[in-house]
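See structure below.
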Amino acid sequence: MGLIKAAKDAIGGLMADQWREYFYCTSLASDVLMAKGEKQITKGRNSNTKGIDNIISNGSVVSVNAGQCMVIVDQGKIAEFCAEPGEFVYDTSTEPSLFYGSLGENIRMTFQQLGRRFTFGGNTAKDQRVYYFNIKEIMNNLYGTPNPIRFHYVSKNTGFEIETSVKCNGQYTFKIVDPILFYTNVCGNVEKEYRKTELLGVMKGELLTKLPVALAKIAAQGVLPYEVPLHLDELTRYMKEALSQQWTELRGIEVVSMSMNDPIVPQEDIDKINKWNDTAVLTRADMAAARQVEAYTQALGGISGGDGKGGSAEGSAMNGAMGMMAMGMMQGMMNGGMGNAFGVPGQPMAPLKPAGTVAEGAILGWTCSCGKTDNRGKFCQECGLPKPALDGWTCSCGHVNQGKFCQECGRKKPEGASLYRCDKCGWEPEDPSHPPKFCPECGDIFDENDRV
């Protein structure tokens with residue numbers, strides 16, 4: 000026996016004249032997984048109103064709609080299988096056919112292995128039935144974890160490790176991918192229809208049993224427990240793998256997609272993770288330098304008296320100036336000689352010295368012409384000479400000096416070298432011994448009155 004695809008224009012009149020049945024299935028509800036096919040009976044002429052329900056006459060037509068799969072069971076054995084939309088003639092003179100549509104090669108293999116081999120008890124002497132399966136995606140199936148699930152988080156960047164737990168809930172969808180297995184092991188020989196409510200309890204229990212396995216694989220990727228909803232594609236794939244034996248290989252169904260609401264994580268564990276992440280930021284030298292500049296800016300803002308909330312214009316200006324100074328400091332630390340101390344990205348940070356200490360080699364105070372260094376007052380502690388004025392003289396090598404000898408080349412200060420400073424505004428030329436003709440600040444001419 001087999002199915003032959005029927006031409007639509009050859010069905011109409013012949014059905015009534017030869018009493019051939021017409022089997023069909025109306026639209027399957029979203030919660031109906033399988034339903035027994037109905038025999039169409041009209042009140043018109045030549046309708047076979049006295050036929051036996053579980054007998055399919057030779058030449059009868061079987062209709063298959065999109066999103067459905069049909070099987071014909073003969074004496075408890077699957078004799079025909081079709082997942083291709085259309086109308087087909089039931090012909091007992093042909094070999095069994097197999098229209099498996101888009102369900103895949105595994106359906107054909109299952110049919111070859113199980114077709115005509117399994118039986119069901121309690122069959123009558125002659126029993127033929129048509130069953131239709133819903134092969135669309137079955138939506139809106141809820142799940143939720145009644146108890147917390149262990150979640151072991153390890154940061155791949157910092158090595159931080161914490162043992163926490165999550166409670167989660169959401170929805171999942173599934174689909175019948177092998178109707179033969181589904182009929183054989185789940186709903187075989189039902190009287191009218193099989194609804195998903197009869198199976199959801201078992202499915203939910205098995206899903207929650209495998210969910211910790213999938214979450215453990217997500218955690219192994221270094222995903223934070225409250226970031227799991229961002230990795231639902233991986234979670235769905237892991238659930239398919241974990242449920243393949245119980246769902247796909249045994250019942251012919253598989254999970255298609257999953258959604259998850261925000262997981263519930265103990266607040267104390269969230270605080271630990273956030274605190275550690277905040278601390279771990281400071282292990283990066285550039286971020287540590289940024290934090291120091293931020294603290295410096297806030298301290299200067301406090302000194303200026305401006306709090307940013309209705310302060311004076313002077314205070315706001317001071318805050319702005321201090322902020323610009325801090326930005327300059329940051330740029331200098333990142334690009335200048337202090338890069339090693341305050342952080343160049345990708346380089347370890349040098350140890351910071353306590354506040355108030357002086358870098359090694361630094362000289363405090365001023366140096367007298369007698370050679371005494373580290374003078375703090377207005378007079379030299381060694382010879383008593385007064386502290387030299389801030390004005391200097393320019394050596395022939397170009398270096399500006401304060402003492403009697405050039406600090407760059409050692410030449411002695413020339414005798415009679417004149418130094419100039421504007422007596423009107425106090426402006427000093429870059430080279431005090433070679434002033435311009437006029438002061439660029441006030442326009443006063445440089446003459447003997449400007450000699451210092």
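For the sequence shown, position 150 (counting from the first letter as 1) is numbered 149 according to numbering that gives the first Met the number 0, and the numbering increases by one without interruption.
In this text, a Cβ means the ideal position worked out from N, Cα and C, and glycines have one as well.
Per the Cβ contact rule, the region 151-159 is in contact with the region 201-221 (3 or more Cβ pairs under 8 Å). Per DSSP, reduced to three states, the secondary structure at residue 141 is strand. Bridge pairing for residue 175: 252 [DSSP]. Taking a C-beta distance under 8 Å as the contact criterion, residue 176 and residue 224 do not qualify as a contact pair.
Cβ atoms of residue 419 and residue 449 come within 8 Å of each other, at about 5 Å. Residue 375 and residue 400 have their C-alpha atoms some 19 Å from each other. Per the coordinates, the alpha-carbon of residue 436 lies some 6 Å from the alpha-carbon of residue 444. Burial check for residue 79: the Cβ neighbour count within 10 Å reaches 16 or more, so the residue is buried. DSSP places residue 230 in the helix class (H, G or I) of the three-state scheme. With respect to the 8 Å criterion, residue 86 and residue 255 are not classified as neighbours on the basis of their beta carbons.
Residue 195 and residue 32 do touch by the CB rule: their CB atoms are close to 5 Å apart, below 8 Å. Going by DSSP, residue 205 is part of the alpha helix (DSSP H) stretching over 196-218.
Around the beta carbon of residue 257, a 10 Å sphere encloses 16 or more other beta carbons of the protein chains shown; the residue is thus reported as buried. Contact between the region 235-249 and the region 265-273 is absent: fewer than 3 CB-CB pairs across the two stretches fall below 8 Å. DSSP links residue 23 through a beta bridge to 37. Taking a C-beta distance under 8 Å as the contact criterion, residue 146 and residue 171 do not qualify as a contact pair. A check of alpha carbon separations from residue 161 across 208, 199 and 271 identifies 271 as the nearest. DSSP places residue 167 in the coil class of the three-state scheme, outside both helix and strand. Residue pairing by DSSP places residue 60 opposite 21 and 88 in a beta bridge.
Excluding sequence positions up to five before and after residue 407, its CB lies within less than 7 Å of the CB of 394, 396 and 398, all in the same chain and listed in chain order.
For residue 127, the uninterrupted beta strand (DSSP E) run begins and ends at 127-133, by DSSP. Relative to the Cα of residue 156, the nearest Cα in the group 447, 366, 278 and 429 belongs to 278. With respect to residue 83, residue 63 sits close: the two C-beta atoms are nearer than 8 Å. Ranked by Cα distance from residue 72, the first of 183, 234 and 403 is 183.
Residue 214 holds the alpha-carbon nearest to the alpha-carbon of residue 237 among 248, 229 and 214. Taking C-beta atoms as the reference points, residue 35 and residue 197 fail to come closer than 8 Å. Between residue 181 and residue 75, the CB-CB gap reaches or exceeds 8 Å. Residue 200 and residue 210 have their C-alpha atoms spaced approximately 15 Å apart.
Within its own chain, the residues whose Cβ lies closer than 7 Å to the Cβ of residue 275, once the five positions on either side in sequence are excluded, are 159, listed in chain order.
Around residue 434, the same chain offers 419, 428 and 445 as residues with beta carbons nearer than 6 Å, after the five sequence neighbours per side are excluded. Contact annotation, residue 144 with residue 207: C-beta distance approximately 6 Å; criterion of less than 8 Å satisfied.
Distance from the Cα of residue 29 is smallest, within the candidate group 248, 168, 66 and 381, for 66. The DSSP-derived three-state label of residue 271 is helix. In chain order, 253 place their CB closer than 6 Å to the CB of residue 247, counting only its own chain and leaving out the 5 sequence neighbours on each side.
A Cβ-Cβ separation of about 18 Å leaves residue 262 out of contact with residue 203 under the 8 Å criterion.
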